[in-house]
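Chemist: One structure, as structure tokens, below. Some questions next.
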Amino acid sequence: MNGQERLIKPLSEAESLERLAGVSLGRLVFTYQALPDIRPVNHVLDDGHVIVRSHVGAAAVSAVAGLVTVVAYEADDIDHETHLGWSVIVRGTAELVRDPLQVERYRGLLRPWVSGHMDHVIRIKPEIVTGIELVPGA
Amino acid sequence: MSPQSPASPVSRELSRDEGLRFLGNVSFGRIVFISRAMPALRLVSHAMDDDALLVGLPYDSAIASLLSQVTRVVYEADLMDAATRLGWSVVLTGRAGLVEDPRELMRARRSLRPLPGERIDVVMRIRPELVTGFDIRAAGAPG
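Below, the structure written as structure tokens:
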């Protein structure tokens, strides 16, 4: 330990969503066949929803296809050296975006992290938003 | 894969060995589990111990329930540069158990670098079964 005091500060919902809107990479957590899974994806915030585009295909999409499913979404910006930064977790319901015009619009806003695969657009309606900030102590 | 222009980053899937090596290069990640029938995750610190992953956890109700019910967990860590969009991500699935031997526990705790304010009450050892990941580099960058 380097002896430097560090603190966890909770972020409000508004602050958390603001942090989330400021980055484009996060991690989608979902259940598939009763097991949890996680995939790094890109996101944008649109009208209070978290929109993600992912090539995850079978796993995530069948997990959310056709019905509303509960997912978690995490994004953070934590320095690997100092361990300072923030993390936000959104829990909410997810559904596939099927309207071709909306899909087209979101595809324009989202660049997939890993290109070259067919991908899907998923809309997450946040129910619970929590965030923390890891800051140097006084 | 579609043809890439010379400037395009190149994405490559990681082998199991590479994935484990990459995990060893960072000290925190995300443990993923199901809590009250819903997917959940926690930011935690980790360290590699030979081919096993050691994960520090606080002992609270969600973790207690995880430990009592689940033997298989999913863990993710990554190192991504948002500006350049280069980096890697590894997802590991494996069998988990608590480190119970006191000396082993002491050694495990010393190998972890806790996040600010992170409480570590117990240490979980995850024996990797499936390790997948990708690495995105600038085209022509050394592999």
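Top line first, the protein sequences correspond to chains U and X. The first sequence maps to residues 1 to 138 in UniProt numbering. The second sequence maps to residues 1 to 143 in UniProt numbering. C-beta: ideal position from N, C-alpha, C; glycine also. If you're wondering where the values come from, they're calculated on a predicted model, not measured in any experiment.
With DSSP as the reference, identify every bridge partner of U:I122, one or two as the case may be.
Modeler: DSSP, once it has assigned bridges, lists U:V52, U:L96 as partnering U:I122.
Chemist: Could you tell me whether any Cβ in chain X is nearer than 8 Å to the Cβ of U:F72?
Modeler: According to the sequence as given, residue 72 of chain U is Ala; it is not Phe. It does; some Cβ of chain X falls within 8 Å.
Chemist: Kindly indicate if chain X contains any beta-carbon less than 8 Å away from that of U:A58.
Modeler: Residue confidence is low: U:A58 scores 49 on pLDDT, short of 50, so the model does not pin down where it sits. No coordinate-derived value is stated.
Chemist: Name the one or two DSSP bridge partners that U:D37 has.
Modeler: Partner(s): U:F30.
Chemist: Could you pull the start and end residues of the alpha helix (DSSP H) that X:A108 belongs to?
Modeler: Element bounds for X:A108: 102 to 111.
Chemist: Closer than 7 Å by C-beta to U:A21: which residues in its own chain qualify, once you throw out the five before and the five after it? Chain order, please.
Modeler: The residues are L45.
Chemist: Consider the Cβ of X:V10: report whether some Cβ of chain U lies at a distance smaller than 8 Å.
Modeler: X:V10 does not count as touching chain U.
Chemist: With U:L25 and U:R39 assumed to form a contact (beta carbons below 8 Å), what rounded beta-carbon distance in angstroms separates them?
Modeler: The Cβ separation is near 11 Å, so there is no contact.
Chemist: Our contact map puts U:V97 next to U:L17 with C-beta atoms below 8 Å; I'd like the distance itself, whole angstroms only.
Modeler: 20 Å between Cβ atoms; not a contact.
Chemist: So for X:A40, helix, strand or coil by DSSP?
Modeler: If DSSP states are grouped into helix, strand and coil, X:A40 belongs with the strands.
Chemist: For U:R111, which of helix, strand or coil comes out of DSSP?
Modeler: U:R111 falls in the coil class under three-state DSSP.
Chemist: Going along chain X, which residues have a C-beta under 8 Å from U:S87?
Modeler: Within 8 Å Cβ-Cβ: L43.
Chemist: Cβ of X:R30 less than 8 Å from any chain U Cβ?
Modeler: Closer than 8 Å: yes.
Chemist: Please classify X:A83: does DSSP put it in a helix, a strand, or coil?
Modeler: If DSSP states are grouped into helix, strand and coil, X:A83 belongs with coil.
Chemist: So that I know if they touch, is there some Cβ in chain X lying closer than 8 Å to that of U:S24?
Modeler: So yes, U:S24 belongs to the interface.
Chemist: Mapping the DSSP letters down to three states, classify U:D47 as helix, strand or coil.
Modeler: DSSP places U:D47 in coil when its eight states are reduced to three.
Chemist: Answer yes or no: do U:V121 and U:G92 have a C-beta to C-beta separation smaller than 8 Å?
Modeler: No. Outside cutoff.
Chemist: Is U:V52 near U:E74, with beta carbons less than 8 Å apart?
Modeler: No. Outside cutoff.
Chemist: Give the straight-line distance between the Cα atoms of U:L7 and U:V135, rounded to the nearest whole angstrom.
Modeler: Spanning the two alpha carbons is a distance of roughly 5 Å.
Chemist: Okay, do the stretch 109 to 117 of chain X and the stretch 84 to 93 of chain X touch, 3+ Cβ pairs below 8 Å being the bar?
Modeler: Output reads no: the stretch 84 to 93 of chain X does not touch the stretch 109 to 117 of chain X.
Chemist: Assuming the contact rule is C-beta atoms closer than 8 Å, X:L112 and X:S45 should be a hit. Round their C-beta distance to whole Å, please.
Modeler: Yes, X:L112 and X:S45 are in contact; Cβ-Cβ is about 5 Å, under 8 Å.
Chemist: Do the stretch 34 to 43 of chain X and the stretch 101 to 110 of chain X touch if we need at least three Cβ pairs shorter than 8 Å?
Modeler: These segments do not touch.
Chemist: What are the boundary residues of the alpha helix (DSSP H) that X:L20 is part of?
Modeler: Start and end: 16 to 23.
Chemist: Quick check on this structure: which residue in X:G87, X:S8, X:V131 has the alpha carbon closest to the alpha carbon of X:D51?
Modeler: Checking every option, the nearest Cα to that of X:D51 belongs to X:V131.
Chemist: Where does X:D81 land, buried or exposed, given buried means 16+ other C-beta within 10 angstroms?
Modeler: X:D81 is exposed by the Cβ-count criterion.
Chemist: Closer than 8 Å, CB to CB, is U:L109 near chain X or not?
Modeler: No, U:L109 does not count as interfacial toward chain X.
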